[in-house]
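One structure below.
There are 2 protein chains.
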Amino acid sequence: MAITGWQAARDEALRRIRARDWPPGGRIPDEADLAAEWGVARATVNRALRDLAEAGYLERRRKGGTRVPLTPVRKATFAIPIIRQDIEARGQTPGYRLLSDRSDTVPAALRDRLGDGPMRHVTALHLADGTPYCLEDRWLSPRVAEGIRFDTLSANEWLVGNVTFSEGTLAFHAIAADAPLAQTLGCDPGAALLAVDRETRDQGPITWVRLIYAPGYRMETGL
Amino acid sequence: MAITGWQAARDEALRRIRARDWPPGGRIPDEADLAAEWGVARATVNRALRDLAEAGYLERRRKGGTRVPLTPVRKATFAIPIIRQDIEARGQTPGYRLLSDRSDTVPAALRDRLGDGPMRHVTALHLADGTPYCLEDRWLSPRVAEGIRFDTLSANEWLVGNVTFSEGTLAFHAIAADAPLAQTLGCDPGAALLAVDRETRDQGPITWVRLIYAPGYRMETGL
DNA sequence: TGTCGCAATAAGTATATACATATTATCGCC
DNA sequence: GGCGATAATATGTATATACTTATTGCGACA
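The listed protein sequences derive, respectively, from chains F and R. Take the position in the first sequence, starting the count at 1, then add 13; the result is the number in this note's numbering. Take the position in the second sequence, starting the count at 1, then add 13; the result is the number in this note's numbering.
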């Protein structure tokens, strides 16, 4: 078994996992043994197995060794685009219109995540070739982006470049357009819309945002 | 500047990026210089910068050096759940009902991704505490899962454990329930539903699946 | 002036070695 | 037999060194 390079080692390990040479729930040989068997350094095996562990194919613990999970949880990484870039990547011309920007009391549904003080509430419409593309409905912690105006620059774009995205959650769901939403997005009432909620925090809440896309929008990603 | 460990090196690099010490679009010192400055080995710097590059904070090219992207594209990793586990994690009892399993011609919309030969077409309903949870509409390459019956075991579950997820795409979108879909999922016609399309390929197509979730479903993930 | 090829460069990788650290396993003691 | 201290162990990390490779940029040549 001639292995050269950590990627080859990773591929061989993955082959064994899939071939059930290393059965689910079982423990695999330790790094030193694999290094000897494959004729590579232990650091190379380490890199290969660490990579597989990050992808969810293996579970590793100090002293406990490395095992194949009974139910592998596959992990997908996908890029969170800046909306403007997203539009440009489709070959369309981005547009932006600020709808409102004021201090407001946080709705009850968000109060447990954002606290109950007043927060800055920004709504804006993103356009592609002049037609509505995405509605941005954002709550901002007052101390973030203090004094920044979002007339021409979207909060989306400002935040991506200026804030640590150290922690947070992301959620996809579908909502039906009510009358005002339909009017804003220029679609039929009742249309099915993709919504993405994103919460960002870093020792306290930073921002909560819901992006509601025009009908037909697909958010795609490589696996 | 006392740096010990690759994580400290990564943190210091990230601090400089955020503090604009290393401005967007600019090139940062090369690994050897940083290693000397921080008093660590180049391999340690490499690990740190590689990590930041994987997260989207830096762009690295051989010979070209390392630079701070003008518009950082943040990357989120999230786990793709097995439906049954997803339901169990909510404290509900999973159920499964196979609706159809037959060879069929691929619809025109999928033909460019799957080819135009006949493929195995499996539809099934996942239940949570007896109520419809998710409709699975799957096209399978005939050579995959040959002879496997999906009466009691869902294709979703079988594939996660048995197939290389080496390549593929993932897309989220929203669709409105038509009459038959509404009946299957037990919801009102016109309801907004979250749909997830997933295509898996490994030197040729393996499977294409659309999961359509019951109204109100949110797919959540850490960032 | 343009372009082709070569040299310089910075990241990518491999290796042996050494030590750190989290866990597990074991042994002795009560 | 239970429990706690201790030893054993597999992975995690750091280091110096050496070589590889993609890419850039420069210089020679047409």
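Here a beta-carbon is modelled for each residue, glycine too, at the ideal position from N, C-alpha and C.
- The segment 27-74 of chain F contains, as complete alpha helix (DSSP H) runs of 4+ residues, the segments 44-51 and 55-67 (chain order).
- By the Cβ rule, the segment 105-113 of chain R counts as touching the segment 132-146 of chain R, because three or more pairs are nearer than 8 Å.
- One finds nothing in chain R with a Cβ atom closer than 7 Å to the Cβ of F/Y109; even the nearest lies about 15 Å away.
- If you look at F/D125, you'll find it in the alpha helix (DSSP H) that goes A121 to L127.
- With a cutoff of 8 Å on beta-carbon distance, R/L83 and R/R23 are scored as not near each other.
- Between F/V86 and R/A89 a beta carbon distance of about 15 Å is seen, past the 8 Å cut, so the two are scored as non-contacting.
- The residues A22, E25, W51, G52 and V53, in chain order, have a CB closer than 7 Å to that of F/I16 in the same chain once the five nearest residues on each side in sequence are set aside.
- DSSP places R/L207 in the uninterrupted beta strand (DSSP E) bounded by A205 to R214.
- Any Cβ of chain R closer than 8 Å to the Cβ of F/F91 would place that residue at the interface, and such an atom is present.
- At a cut-off of 8 Å between beta-carbon atoms, F/E159 makes no contact with chain R.
- Against chain F, the CB of R/Y146 has no partner CB under 8 Å away; the residue lies outside that interface.
- Here the C-alpha atom of F/Y226 lies approximately 6 Å from the C-alpha atom of F/L206.
- Under the Cβ distance rule, F/A189 counts among the residues neighbouring chain R, one pair being separated by less than 8 Å.
- Contacts with chain F at 8 Å (Cβ-Cβ) include R/Q98.
- Cβ proximity to chain F below 7 Å picks out L206, L207, Y230, R231, M232, E233 and T234 from the segment 206-234 of chain R.
- When C-alpha distances from F/L123 are compared across F/G143, F/L172, F/A158 and F/L153, the shortest belongs to F/L153.
- The beta carbon of R/E170 lies closer than 7 Å to those of I95 and R97 in the same chain, with the five residues before and after it left out.
- F/P94 has a beta carbon lying within less than 8 Å of a beta carbon in chain R.
- For F/I16, there is no enclosing beta strand (DSSP E), as DSSP gives it neither H nor E.
- Chain F has no Cβ within less than 8 Å of the Cβ of R/H134.
- Close to R/A54, with beta-carbon spacing below 8 Å, lies no residue of chain F; the smallest spacing is near 13 Å.
- In the three-state DSSP reduction, R/E149 falls in the strand class (E or B).
- Using a Cβ distance threshold of 8 Å, F/G39 and F/R73 do not count as a contacting pair.
- F/K76 is outside the set of residues whose beta carbon lies under 8 Å from a beta carbon in chain R.
- With respect to the C-alpha of F/A189, the residue from F/L183, F/D201 and F/P37 having the closest C-alpha is F/D201.
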